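Down below is the structure, laid out as structure tokens.
Residue numbers (my numbering): 467 to 769.
Shown next, in the form of structure tokens:
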């Protein structure tokens, strides 16, 4: 009788443990099935409205198009200005931020998951020159990289472009702040500030009352091979897979270019690259030959 009672108690305990185990597995599976992907990224505080809207729409559409495969999503944005180097540290941790859009470079490739579909189709490669109007005559005879190197660029310390100019030993002045560059150019502290086509006109217009001496040089443009990637924290491999699939769908359907044109087509037309002298600048930091060889990505095909 005692042995039978012991067996009954053991059976009862095992039954409870089994039921608990099954319930836990089902609950865990349920959570996995309905996992909520959360994108956490920055929104600049001011002066980048068009770029922010473009970035937001690309990420939103990538998430929407992958709902059948991945389910629901959530977007958390943080309105704060932050240098790329600081953002990189947060991305490595994956807590405050898990997603960041940045020009491709080796450091970011090392510390985050690069989704190697350029969201601006290589448009960042083309730069216009903001100059002090008093210096316009100095640019009239500039046709080559060697001639451009005789003039001094103004760049922010943390930019990928700054690293390129340093390695090519081009003359430059660095600023720790973005706003400081415009104020310095207005006072002729350097000769030119290279900005992407989709940046130059808006940035100048926003500050036109404070930097009345600054204009866009009318005859030159730079071509510095570069692309803009979405980088995802290595703590979020599922989110990286989702955004990659979403971007692949956007690229295949042509919607990636449609979104880009929605925000930047007017700037591209105003830039009138076909009638500018384009100075090519090598980029030793951009070595992703797969992207370079995939002409579908490069916006120059649409100019």
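Where a beta carbon is used, it is the ideal one built from N, C-alpha and C, also for glycine. Note that this is a predicted model, so its numbers are computed, not measured.
Where does residue i sit, in a helix, a strand or coil, going by DSSP?
i: residue 693; result: coil
i: residue 554; result: helix
i: residue 492; result: Legend: pLDDT at residue 492 = 42, less than 50; position of this residue unreliable, value from coordinates given subsequently. Three-state DSSP puts residue 492 in a helix.
i: residue 779; result: In the structure as shown, the chain begins at 467 and stops at 769. Residue 779 is therefore absent and cannot be evaluated.
i: residue 587; result: coil
i: residue 670; result: helix
i: residue 608; result: coil
i: residue 698; result: strand
i: residue 681; result: strand
i: residue 707; result: helix
i: residue 480; result: Bear in mind that the predicted position of residue 480 carries a pLDDT of just 48, short of 50, making it unreliable; the figure below should be weighed with that in mind. Residue 480 falls in the helix class under three-state DSSP.
Classify residue i: buried if its beta carbon has 16 or more other beta carbons within 10 angstroms, exposed otherwise.
i: residue 491; result: Confidence in residue 491 is poor, its pLDDT being 42 and thus under 50, which makes the residue's placement unreliable; the coordinate value appears in the next sentence. Residue 491 comes out exposed.
i: residue 600; result: exposed
i: residue 537; result: exposed
i: residue 572; result: exposed
i: residue 756; result: exposed
i: residue 724; result: exposed
i: residue 718; result: exposed
i: residue 519; result: exposed
i: residue 708; result: buried
i: residue 598; result: buried
i: residue 423; result: Absent from the structure is residue 423, since the part of the chain shown begins at 467 and ends at 769.
i: residue 607; result: exposed
i: residue 521; result: buried
i: residue 529; result: buried
i: residue 535; result: exposed
Where does the unbroken alpha helix (DSSP H) through residue i begin, and where does it stop?
i: residue 735; result: 721–737
i: residue 538; result: First-last for residue 538: undefined, no H or E at that position.
i: residue 601; result: No alpha helix (DSSP H) holds residue 601; DSSP gives it neither H nor E.
i: residue 509; result: It is not in any alpha helix (DSSP H) - residue 509 instead sits in the beta strand (DSSP E) that spans 503–509.
i: residue 634; result: Here residue 634 belongs to no alpha helix (DSSP H), and DSSP marks it neither H nor E.
i: residue 677; result: Looking at the DSSP string, residue 677 is not in any alpha helix (DSSP H), and its letter there is neither H nor E.
i: residue 530; result: 515–531
Between which residues of its own chain and residue i is the CB-CB distance below 6 Å, once the five residues before and five after are set aside?
i: residue 701; result: 560
i: residue 750; result: 633
i: residue 551; result: 624
i: residue 628; result: 621
i: residue 711; result: 532
i: residue 730; result: 664
Does the beta carbon of residue i come closer than 8 Å to any beta carbon on chain D?
i: residue 552; result: Given the protein chain composition of this structure (a single chain), no chain D is represented.
Tell me the residue span of the beta strand (DSSP E) that contains residue i.
i: residue 619; result: 619–622
i: residue 566; result: 565–569
i: residue 578; result: Element bounds for residue 578: n/a, residue is neither H nor E.
i: residue 743; result: 743–746
i: residue 661; result: 658–662
i: residue 546; result: Where residue 546 is concerned, there is no enclosing beta strand (DSSP E), given that its DSSP letter is neither H nor E.
Can you name, in chain order, every residue of its own chain whose Cβ lies under 8 Å from the Cβ of residue i, other than the five neighbours on each side?
i: residue 562; result: 506, 544, 556
i: residue 502; result: 537, 538, 539, 540
i: residue 553; result: 508, 563, 566, 568
i: residue 558; result: 577, 578, 699, 700
Apart from the five residues just before and just after residue i, which ones in its own chain have a Cβ nearer than 7 Å to its Cβ?
i: residue 668; result: 516
i: residue 610; result: 745
i: residue 754; result: 570, 582
i: residue 462; result: Absent from the model: residue 462. The displayed extent of the chain is 467 to 769, so no value can be given.
i: residue 618; result: 637, 638, 639, 656, 657
i: residue 642; result: 623
*Is the number of C-beta pairs between the segment 540–559 and the segment 731–743 that are closer than 8 Å three or more?*
In the pairwise beta carbon analysis, the segment 540–559 is classified as not touching the segment 731–743: fewer than three pairs are separated by under 8 Å.
*the segment 579–598 / the segment 686–701 touching (three or more Cβ pairs under 8 Å)*: Result yes; three or more Cβ-Cβ pairs closer than 8 Å.
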